[in-house]
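*Asks:* The numbering used here puts the first residue of the sequence shown at 1, with every later residue one more than the last.
From the three backbone atoms N, C-alpha and C, an ideal C-beta is built for every residue, glycine too.
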Amino acid sequence: MLINSSNILIEGLNLSNNLQNIFLFGSNNTIIANNTISDSICGIDVNYCGWTDRETGTRCEFYSFNTTIKGNIVLDNGVGIRVISDLPWTRPVHFLLSRVAVGILDRTDANGNRRHYCG
1 MLINSSNILI EGLNLSNNLQ NIFLFGSNNT IIANNTISDS ICGIDVNYCG WTDRETGTRC
61 EFYSFNTTIK GNIVLDNGVG IRVISDLPWT RPVHFLLSRV AVGILDRTDA NGNRRHYCG
């Protein structure tokens, strides 16, 4: 789990039997490469959270952006890769998804428009 982190490399790990094997929240410039990720609810979760402070009315938002996902093996997960962000990120490339209920759940496109894609 990475929260509010920058310039992190997650590489060469065997991760299994977790709710989320890799979870990014409010992190940027992260590379997730050449990992084996299995037996979780969500294999790789790049997430965002926003809320409005009730007392001040101030909107608080934490995005993960500029995340590169490449060369991972993602097996036996409910969702293989989930990306919920309004900011730019690099699409997953050169990876293997197998035995997952939803391959990729992506809520943004290149223009920041929200959408879903399952592959």
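Contact defined as beta carbons within less than 8 Å: I believe Asn7 pairs with Gly26. What is the distance between those atoms, to the nearest angstrom?
*Replies:* Position 7 of the sequence shown, counted from the first residue, corresponds to residue 7. Position 26 of the sequence shown, counted from the first residue, corresponds to residue 26. In fact, because the Cβ distance is near 14 Å, the residues do not count as touching under 8 Å.
*Asks:* Need the endpoints of the beta strand (DSSP E) that Arg59 sits in, please.
*Replies:* Locating residue 59 in the sequence shown gives position 59, where the first residue counts as 1. Element bounds for Arg59: Arg59 to Phe62.
*Asks:* Per DSSP, which residues does Thr67 bridge with? Please list them.
*Replies:* As a first step, residue 67 must be located in the sequence shown, where it is residue number 67. DSSP, once it has assigned bridges, lists Thr30 as partnering Thr67.
*Asks:* Terminal residues of the continuous beta strand (DSSP E) containing Gly50?
*Replies:* Reading the sequence shown from its first residue, position 50 is the one you call residue 50. Cys49 to Thr52 is the extent of the beta strand (DSSP E) around Gly50.
*Asks:* Exposed or buried, Gly12, counting other C-beta atoms within 10 Å across all chains shown (16 or more means buried)?
*Replies:* Here residue 12 is taken as the residue at index 12 of the sequence shown, counted from 1. That one is exposed.
*Asks:* I'd like to know whether the C-beta atoms of Ile31 and Leu2 end up nearer to each other than 8 Å.
*Replies:* Here residue 31 is taken as the residue at index 31 of the sequence shown, counted from 1. Here residue 2 is taken as the residue at index 2 of the sequence shown, counted from 1. For Ile31 and Leu2, no; Cβs fall outside 8 Å.
*Asks:* Rounded to whole angstroms, what's the CA-CA distance from Ile69 to Val83? Just pull it up for me.
*Replies:* In the sequence shown, residue 69 corresponds to position 69, counting from 1. In the sequence shown, residue 83 corresponds to position 83, counting from 1. Taking the straight line joining both Cα atoms gives about 11 Å.
*Asks:* Figure out for me which residue from Ile81, Arg59 and Leu24 has the closest Cα to the Cα of Ile73.
*Replies:* If you number the sequence shown from 1, residue 73 lands on position 73. Of the candidates Ile81, Arg59 and Leu24, the one whose C-alpha sits nearest the C-alpha of Ile73 is Ile81.
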